[in-house]
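Asker: Numbering (my numbering), first residue to last: 141 to 389.
Quick one: the structure is below, questions incoming.
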Amino acid sequence: MFQQNKNESEALEKALNGQYDFDIKSLFMRAGEASRKNMATILKCILAAVFFALGITIVFFQIYEIQTVEQFEAIPLETRYLFQMILECLIAPMLVGLTMIGVRTERKEAVTFSMLWAYYPIFIFVASATLMVALLSQLGFALFLLPGIYVLVTTMFVQALVADKAMSPLAALVLSIKVSNKYLVKIALCYLAFFAMFIFVMITFGFALIWVGPLFFNFKGILYNDLFGGISEVQNAPEHSEEETHFDA
Numbered sequence: 141m142f143q144q145n146k147n148e149s150e151a152l153e154k155a156l157n158g159q160y161d162f163d164i165k166s167l168f169m170r171a172g173e174a175s176r177k178n179m180a181t182i183l184k185c186i187l188a189a190v191f192f193a194l195g196i197t198i199v200f201f202q203i204y205e206i207q208t209v210e211q212f213e214a215i216p217l218e219t220r221y222l223f224q225m226i227l228e229c230l231i232a233p234m235l236v237g238l239t240m241i242g243v244r245t246e247r248k249e250a251v252t253f254s255m256l257w258a259y260y261p262i263f264i265f266v267a268s269a270t271l272m273v274a275l276l277s278q279l280g281f282a283l284f285l286l287p288g289i290y291v292l293v294t295t296m297f298v299q300a301l302v303a304d305k306a307m308s309p310l311a312a313l314v315l316s317i318k319v320s321n322k323y324l325v326k327i328a329l330c331y332l333a334f335f336a337m338f339i340f341v342m343i344t345f346g347f348a349l350i351w352v353g354p355l356f357f358n359f360k361g362i363l364y365n366d367l368f369g370g371i372s373e374v375q376n377a378p379e380h381s382e383e384e385t386h387f388d389a
């Protein structure tokens, strides 16, 4: 355990000092290799998450009796934002689970379909982190396009830090921004590449998600593990003590 914590600290210190060798080509190759290893598991998890989100959306449409685009647009903007926030919070533990599949694959640990639900026991922490990121993103995009993109890029590791390192949402937010700032341009380029891939997913009516989805979550998991260090994670979701329910100032 001491050696694991030492390796974790060394990786994080290296990342904070800007000494991590951010090789985009190598990261994509490693993500592709990881996708070949965990394709069956991660693809089932992605499809389950998609259907879960669709189910919540259908319930929302039924509650407000929405059948056309015009009826949806007639709903007050505040209501639409509220639904978006609720949806993001409800699926956030699933997205963390998908990222952790990529992380565990990189750590040479077993991955299972049950990891999709493994982080609901810490829902309050993951949801709090998700709300903070969502509100900051909304504020950023309200100011201008670039601040919004900056928030998206620099907060991409917040939920994973909360789940994997048992950090408070605020501490995870600060650490994610600190580390991401060191590699801002390269992370932004990776985001741009995946943005283009997801446009391709829409063009193919979702069929390309079979390839792009696993690649994205494995890429994110590998990059997270490289930057923040790896420790052997127990099968169950990490527990948060009562002290960790308070945000770090």
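Ideal placement from N, C-alpha and C gives every residue a C-beta, glycine not left out.
Put ILE350 into one of helix, strand or coil per three-state DSSP.
Answerer: Looking at ILE350 - three-state DSSP - the assignment turns out to be helix.
Asker: Per DSSP, what kind of secondary structure is SER308 in: helix, strand or coil?
Answerer: Coil, per DSSP.
Asker: Verify whether the separation of the beta carbon atoms of ALA171 and ILE362 is less than 8 Å.
Answerer: Against a cut-off of 8 Å, the Cβ pair of ILE362 and ALA171 comes out as a contact.
Asker: Relative to the alpha-carbon of ILE182, which residue among VAL341, GLY242 and LEU217 has its alpha-carbon at the smallest distance?
Answerer: It is GLY242.
Asker: Report yes or no: do the stretch 272-286 and the stretch 235-249 share at least 3 C-beta pairs separated by less than 8 Å?
Answerer: No: fewer than three Cβ pairs fall under 8 Å.
Asker: Nearest to LYS305 by alpha carbon, out of CYS185, PHE265, ALA193 and SER166?
Answerer: Nearest of CYS185, PHE265, ALA193 and SER166 to LYS305, Cα basis: PHE265.
Asker: Measure the alpha-carbon distance for ILE327 versus SER254 and round it to whole angstroms.
Answerer: Roughly 29 Å between the two C-alpha positions.
Asker: Between the alpha carbons of LYS360 and PHE223, how many angstroms are there, rounded?
Answerer: Rounded to whole angstroms, LYS360 to PHE223 spans 26 Å at the Cα level.
Asker: Just to confirm before moving on: does the CB-CB distance between GLN299 and LEU194 stay below 8 Å?
Answerer: Not closer than 8 Å, so no.
Asker: Roughly how many angstroms lie between the CA atoms of ILE343 and PRO354, to the nearest whole one?
Answerer: Straight-line Cα distance between these residues: approximately 18 Å.
Asker: Considering only their Cβ atoms, is the gap separating PRO233 from SER268 smaller than 8 Å?
Answerer: No. Outside cutoff.
Asker: What residue does the alpha helix (DSSP H) around SER254 start on, and which one ends it?
Answerer: Premise fails: SER254 is in no alpha helix (DSSP H) and is neither H nor E.
Asker: Are the Cβ atoms of ALA155 and PHE297 separated by less than 8 Å?
Answerer: Not a contact, by the Cβ cut-off of 8 Å.
Asker: Near PHE357, which residues of its chain fall below 7 Å by C-beta distance, leaving aside the five closest residues on each side in sequence?
Answerer: If we look at PHE357 and ignore the five residues flanking it on each side, its Cβ neighbours are ILE182, LEU238, THR239, ILE241 and GLY242.
Asker: Look at the alpha carbon of ILE231 and the alpha carbon of LEU256, and state the distance between them as a whole number of angstroms.
Answerer: The straight-line gap from Cα to Cα measures roughly 10 Å.
Asker: Where do the ends of the alpha helix (DSSP H) carrying GLU249 lie?
Answerer: Taken as a continuous stretch (DSSP letters only), GLU249 belongs to no alpha helix (DSSP H), as it is neither H nor E.
Asker: Could you spell out the range, first to last residue, of the alpha helix (DSSP H) harbouring GLY369?
Answerer: Looking at the DSSP string, GLY369 is not in any alpha helix (DSSP H), and its letter there is neither H nor E.
Asker: Taking the beta carbon of ILE215 as the centre, do at least 16 other beta carbons fall within 10 Å, making it buried, or is it exposed?
Answerer: By the 10 Å Cβ count, ILE215 comes out exposed.
Asker: Excluding the 5 residues flanking VAL302 on each side, which residues of the same chain have their C-beta closer than 7 Å to its C-beta?
Answerer: The residues are PHE265, VAL266, ALA269, PRO309 and ALA312.
Asker: Would you mind stating whether ASN365 and VAL251 have Cβ atoms separated by less than 8 Å?
Answerer: No, they are not a contact pair.
Asker: So TYR323 packs on PHE191, CB below 8 Å; how close in whole Å?
Answerer: At roughly 34 Å, the Cβ-Cβ gap does not stay under 8 Å, so TYR323 and PHE191 are not in contact.
Asker: Going by other Cβ atoms of all chains shown within 10 Å of its Cβ, with 16 needed for buried, is SER315 buried or exposed?
Answerer: Before going on, a small fix: residue 315 reads as Leu here, not Ser. Answer is buried; the Cβ neighbour count reaches 16.
Asker: With a CB to CB cut of under 6 Å and the five nearest residues on each side skipped, what residues in its chain are close to ALA151?
Answerer: Cβ within range, chain order: GLY369.
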